[in-house]
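So the protein lines, in turn, are chains A and B. Going by the UniProt record's numbering, the first residue of the first sequence is number 1, and it counts up by one from there. Going by the UniProt record's numbering, the first residue of the second sequence is number 1, and it counts up by one from there. So the structure is just underneath, and the comments pick up after that.
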Amino acid sequence: MDYALSEEQRAVVEEVRRFAENEIAPLAAEYDREEKYPYEVMEKATEMGLPGAHFPVEYGGAGYSTLEMALITEELFAVDPGIGLCITSAGFGAEALLEFGTDEQKERFLPPITDGESVMGAAISEPQAGSDVTSIDTTAEKDGDEWVLNGNKMWITNGSVGDYFVVMCETDPEVDDRYAGFSQIVVEADRDGFSAEKITGKLGIRASDTAELLFDDVRVPEGNLVGQRGMGFLQLMQFFDETRTSVAAQAVGIAKGANERALSYAEEREQFGRSISDFQAIQHKLADMHTRTEAARQLTYKSAWSVDHAEDDLTALASMAKEFASRVATDCADEAVQIHGGAGYVDDFDVGRLYRDSKITQIYEGTTEVQKNIVARELLGKGT
Amino acid sequence: MKVLVTVKEVAEVEDDFEIDGTGVDDRYLEYDLNEWDDYAVEEAVQLQEAGDDIEVVSVTIGPERAEETIRMALAKGVDRAIRVWDDALDQDLLDTATKARVFRAVVEEEEPDLILTGVQAGDDAFGATGVALAESVGQEWAAVVNQLDIDHLLAENVARVHRELEGGVEELTDVELPAVLTIQTGINEPRYASLRGIRQAQSKEIAPKTLADLGLEAGDVESSLFLTEMYEPESESDATLFEGSAEETAAELASVLREKGVGAE
Ligand SMILES: Cc1cc2nc3c(=O)[nH]c(=O)nc-3n(C[C@H](O)[C@H](O)[C@H](O)COP(=O)(O)OP(=O)(O)OC[C@H]3O[C@@H](n4cnc5c(N)ncnc54)[C@H](O)[C@@H]3O)c2cc1C
Numbered sequence: 001m002d003y004a005l006s007e008e009q010r011a012v013v014e015e016v017r018r019f020a021e022n023e024i025a026p027l028a029a030e031y032d033r034e035e036k037y038p039y040e041v042m043e044k045a046t047e048m049g050l051p052g053a054h055f056p057v058e059y060g061g062a063g064y065s066t067l068e069m070a071l072i073t074e075e076l077f078a079v080d081p082g083i084g085l086c087i088t089s090a091g092f093g094a095e096a097l098l099e100f101g102t103d104e105q106k107e108r109f110l111p112p113i114t115d116g117e118s119v120m121g122a123a124i125s126e127p128q129a130g131s132d133v134t135s136i137d138t139t140a141e142k143d144g145d146e147w148v149l150n151g152n153k154m155w156i157t158n159g160s161v162g163d164y165f166v167v168m169c170e171t172d173p174e175v176d177d178r179y180a181g182f183s184q185i186v187v188e189a190d191r192d193g194f195s196a197e198k199i200t201g202k203l204g205i206r207a208s209d210t211a212e213l214l215f216d217d218v219r220v221p222e223g224n225l226v227g228q229r230g231m232g233f234l235q236l237m238q239f240f241d242e243t244r245t246s247v248a249a250q251a252v253g254i255a256k257g258a259n260e261r262a263l264s265y266a267e268e269r270e271q272f273g274r275s276i277s278d279f280q281a282i283q284h285k286l287a288d289m290h291t292r293t294e295a296a297r298q299l300t301y302k303s304a305w306s307v308d309h310a311e312d313d314l315t316a317l318a319s320m321a322k323e324f325a326s327r328v329a330t331d332c333a334d335e336a337v338q339i340h341g342g343a344g345y346v347d348d349f350d351v352g353r354l355y356r357d358s359k360i361t362q363i364y365e366g367t368t369e370v371q372k373n374i375v376a377r378e379l380l381g382k383g384t
Numbered sequence: 001m002k003v004l005v006t007v008k009e010v011a012e013v014e015d016d017f018e019i020d021g022t023g024v025d026d027r028y029l030e031y032d033l034n035e036w037d038d039y040a041v042e043e044a045v046q047l048q049e050a051g052d053d054i055e056v057v058s059v060t061i062g063p064e065r066a067e068e069t070i071r072m073a074l075a076k077g078v079d080r081a082i083r084v085w086d087d088a089l090d091q092d093l094l095d096t097a098t099k100a101r102v103f104r105a106v107v108e109e110e111e112p113d114l115i116l117t118g119v120q121a122g123d124d125a126f127g128a129t130g131v132a133l134a135e136s137v138g139q140e141w142a143a144v145v146n147q148l149d150i151d152h153l154l155a156e157n158v159a160r161v162h163r164e165l166e167g168g169v170e171e172l173t174d175v176e177l178p179a180v181l182t183i184q185t186g187i188n189e190p191r192y193a194s195l196r197g198i199r200q201a202q203s204k205e206i207a208p209k210t211l212a213d214l215g216l217e218a219g220d221v222e223s224s225l226f227l228t229e230m231y232e233p234e235s236e237s238d239a240t241l242f243e244g245s246a247e248e249t250a251a252e253l254a255s256v257l258r259e260k261g262v263g264a265e
C-alpha cells in the first residue's frame, strides 16, 4: 500500500492552491453576494487547464484520474466552493460521452470544454423527480431522423450559462423494467424550443449557475443520442461512484477551508487577556474538526483510489465517503462560525459563506438519506 | 536559439521564527522558486513561444530537494534543466564569484545565445550573480530589465530593453547577443503551471552534474565570504495616520511620498 502523494500530485495541489488563493479568493465574496457566474476566473482556469482536466489528452485534458481530480477539487473548494464548483462542473455530464459517446461526439463536445469555449451540464432532476430519479417525465420521441424532446428539468448546474446538456429522458415508456426505457441525449442550448430560467436566492454556492430547463418540442438529430437507446439510466449509474466521490472531495475541501480559517482566527482573537485558542473548549473543537476532516479525506481518497484501481463494486464506499464527508463539512463550517463568534455571522469573514455553501454537499448527487439507504442496502444484500 | 535561465530554490521565512546559529531554524522555512526567477522563466518561455526552434534550458545550483521546485519551471515550459551539486558546494554561503564560476562552466558547455537571471534572490539578496556571470564569460549585460522587445530580439538578435533606474527613471538600451539580462519582477505576468504542463514535466530531464562533470574541483568553489552571525534587529515602526476626506488624505499621502523620494518629478 502506497500511502503518500507522488511528487506530481503534490505539485498539482500546490499550484491549484496558489491559483485559487490569487485568482479566486479576492472575488469570492462579491460573486457570492451578486450571484454571478465568474467568466473572468473561468478564462484563467482554462489557461491552467482546470476545466475537464480528467479528459484524455487528445481531447484537451490532462488525463487525470479520480484521485487527482479529488485533490484539485479539495483545493478549489477550500478557498471558495461557489467558484470552485463553476470550474469543476464545466464538464458535468461528460462522463457519459467519454464512456459511451462515439468518436464524433467526443470530438464535437469535449475539446470546447477544455478550450474554455463551452460549458456543459447534466440534466436529470425534475420538479417532481429528485431522489426518485426513475420518475422523470421528460420524453424524447423519435420523428424520422430526429428526437423531439418535451418536459422540464430542475436544479440544473450551469443551466443558464451552459452550451449543451446531457439530458436524461424517457424514450421507451412501454418497457416494464423500472430502470430501462431511458436515454441520454445531448441538447444544445441554441435549439429552437429550449429555454433556461436561472434560479436565484440559493443559500450557498451562489456563484455557480443553477437553472430550470424547459423543452418545448426541441428537435435534435438522432446522432445526439449518447450510448444505447433505453440504457440511459444504467449508463448513468456507472458513474455514481465517481460523481459521489467528487462531492465527497468538495466536502473535504469545505471542511479544510473552515478549519484553516477557524485555526487562524482562534490564534488571533483575544478575550480575557489571552488568545481564545488557550481555552480548552476551543482547542477541543479544533482538534475534533481536524481529526474528522482527516478521516473524511482518507475515506474520500480510498473511494477515489478504488474508482481508479479496484475491480469490485464500490457503491457502498462512495456513498459512505459522500455521506460522511458532507456531514463533516457542515459540522466543521458550523464550528468555524462558532469560533468566530459575532464576526462569523457577517460576511467580513469567509466562514459564514462556507457555512451556507457546505449544506449543498448533503443534498445534490443523492441526499444524505439516499446515501444511507444505499449503504444499508449493500450491507443487507438487497440487490443492486 | 538557446536561452539559459538560472533559477534558484530559496528559503522563505515564516512570520514568526527562531534563529539557529548562523541561519533560521529549518522548521520555519519553506522552499520555493525565487520570485525574480519566476519572471525570468516566464520571459524565456514567452520568447520560445514567439519564435521557432528556441530551446529553453534552466540551470540551478542546489541539492536534490531543489528538483521539486525546478520541475515547476519545467511545467511552465522550460525544455530541460541542469542541477549542479557537490559536497563541496554544501556551504553556509556561496558567494557570487563562486556561483559565477560554476555557471560559467555550464555556459561553456551549453553555449546559449541569451542568459536570463533574476535581478536578485529573495534569500541572500546579493543581486550580483547575473552581472558577475556576464563579466566572467565576457558577455554584454543589462541589469534590472523590466521590458524586453521579443520581436526585435528575434528579428535582429539584439535585446532592446528597458532598465529600471532609481527614482522611476527608465533607460532604453540595445544589447547585442550573446548577452546576460537580469530580469526584474513585473516584466510580465508569470503563468501558473498548467495541469498538462505538470504532467509533462515529470518526464523532462533534470541532469545532475558534479563539479568534476563541469571540469571544476573543490578548490574552485571555496567561498571567500563567511557568515559570522545572524540576529534579529530591534524593529521600530513609524506610522502616520491621515484623517479627513479622500481628496485631503490623498494629497497628504502624495506629499509624504514625494518627501520620501518616491516618483520622479
Ligand atoms: C444547487 C443545486 C444544484 C443541482 N445540480 C443538479 C444538476 O446539475 N443536475 C441534476 O440533475 N440535478 C441537480 N440538482 C438536484 C439534486 O440532485 C436534487 O435536489 C436531489 O437529488 C434531491 O432531490 P429533491 O430536491 O427533489 O428532494 P426530494 O427527493 O424531494 O427529497 C426531500 C427529502 O426527502 C428525503 N427522501 C427522499 N426519498 C427518500 C427515501 N427513499 N428515503 C429517505 N428519505 C428520502 C430526502 O433525503 C430529502 O431529505 C441540484 C440541486 C441543487 C440544490
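Virtual Cβ for every residue (Gly too), placed ideally from N, Cα, C. All values reported here derive from a predicted model rather than from experimental measurement.
Interface residues of chain B around residue 385 of chain A at Cβ under 7 angstroms?
Absent from the structure is residue 385 of chain A, since the part of chain A shown begins at 1 and ends at 384.
Quick check on A75 of chain B - is its C-beta less than 8 angstroms from some C-beta in chain A?
At least one chain A Cβ lies under 8 angstroms of A75 of chain B.
By the 10 Å Cβ neighbour count, where 16 or more other Cβ atoms means buried, how is S224 of chain B classified, buried or exposed?
That one is exposed.
Between the stretch 102-114 of chain B and the stretch 208-225 of chain B, do at least 3 Cβ pairs fall closer than 8 angstroms?
yes
Below 8 angstroms between beta carbons: does that hold for A304 of chain A and T114 of chain A?
no
Cross-chain neighbours of E68 of chain B in chain A, by beta carbon under 8 angstroms
E7, R10, A11
Rounded to whole angstroms, what is the Cα-Cα separation between G168 of chain B and D123 of chain B?
Cα to Cα, the separation comes out at about 25 angstroms.
From the DSSP output, read off the bridge partner residues of H162 of chain B.
In the DSSP secondary-structure assignment, H162 of chain B is bridged to B:Q147, B:L172.
Which stretch, first to last residue, makes up the alpha helix (DSSP H) that contains Q48 of chain B?
Per DSSP, the continuous alpha helix (DSSP H) segment holding Q48 of chain B begins and ends at 35-50.
What is the C-beta distance between L4 of chain B and E110 of chain B, in whole angstroms, given that I count them as a contact (C-beta under 8 angstroms)?
6 angstroms
8 angstroms Cβ cut-off: residues of chain B touching A53 of chain A:
L195
Please confirm whether R18 of chain A has its beta-carbon closer than 8 angstroms to some beta-carbon of chain B.
yes
For Q202 of chain B, go through chain A and note every residue whose CB falls closer than 9 angstroms to its CB, in chain order.
S6, E7, E8, A11
If you draw a straight line from the C-alpha of N259 of chain A to the C-alpha of P26 of chain A, how long is it?
19 angstroms
So, is T384 of chain A buried or exposed, given that buried needs 16 or more other C-beta atoms within 10 angstroms?
Low local confidence applies: a pLDDT of 49 at T384 of chain A is under 50, so the model's placement there is unreliable, and no value is given.
Determine whether the Cβ of M230 of chain B lies closer than 8 angstroms to any Cβ atom of chain A.
no
Check the Cβ of E15 of chain A against every Cβ in chain B and list those closer than 7 angstroms, keeping chain order.
Y192, A193, I198
Are three or more beta carbon pairs between the stretch 1-19 of chain B and the stretch 56-68 of chain B nearer than 8 angstroms?
yes
Go through its chain and collect everything with a Cβ distance to G101 of chain A's Cβ below 6 angstroms, but skip five positions before and after it.
V226
Any Cβ of chain E within less than 8 angstroms of the Cβ of A62 of chain A?
Going by chain labels, chain E is absent from the structure shown, which instead holds the protein chains A and B.
What residues match up with V307 of chain A in a beta bridge as DSSP calls it?
Paired residue(s): none; V307 of chain A is not in a bridge.
So, with DSSP's three-state summary, where would you put D103 of chain A?
D103 of chain A falls in the helix class under three-state DSSP.
Beta-carbon of R71 of chain B versus every beta-carbon of chain A: anything under 8 angstroms?
So, interface residue.
Taking DSSP as the reference, what is the three-state secondary structure of R83 of chain B?
strand
N-terminal and C-terminal residue of the alpha helix (DSSP H) that F92 of chain A is part of:
Where F92 of chain A is concerned, there is no enclosing alpha helix (DSSP H), given that its DSSP letter is neither H nor E.
Looking only at its chain, what residues have a beta carbon closer than 7 angstroms to the beta carbon of L154 of chain B, apart from the 5 residues adjacent to it on each side?
A50, G51
If the criterion is Cβ atoms closer than 8 angstroms, does the pair W141 of chain B and G130 of chain B meet it?
yes
Under DSSP, the alpha helix (DSSP H) around G352 of chain A begins and ends at which residues?
Counting along the chain, the unbroken alpha helix (DSSP H) around G352 of chain A starts and ends at 351-358.
Alpha carbon to alpha carbon, what distance is there between E30 of chain B and T173 of chain B?
Distance between the alpha carbons of T173 of chain B and E30 of chain B: 37 angstroms.
Could you check whether the Cβ of Y37 of chain A sits closer than 7 angstroms to any heavy atom belonging to ligand 1?
no
Determine the closest residue to V79 of chain A out of A:Y364, A:E369, A:D357, A:N373, with distance taken between C-alpha atoms.
A:D357
Three-state secondary structure (DSSP) of A215 of chain A
A small fix is needed here, since residue 215 of chain A is Phe in this sequence, not Ala. Strand.
Starting from the Cα of M72 of chain B, find the closest Cα among B:Q48, B:I54, B:S194 and give me that residue.
Minimum Cα distance to M72 of chain B is reached at B:S194.
Nearest to A329 of chain A by CA position, among A:G257, A:V370, A:L286, A:E378, is which residue?
A:G257
If you draw a straight line from the C-alpha of V187 of chain A to the C-alpha of Q105 of chain A, how long is it?
12 angstroms
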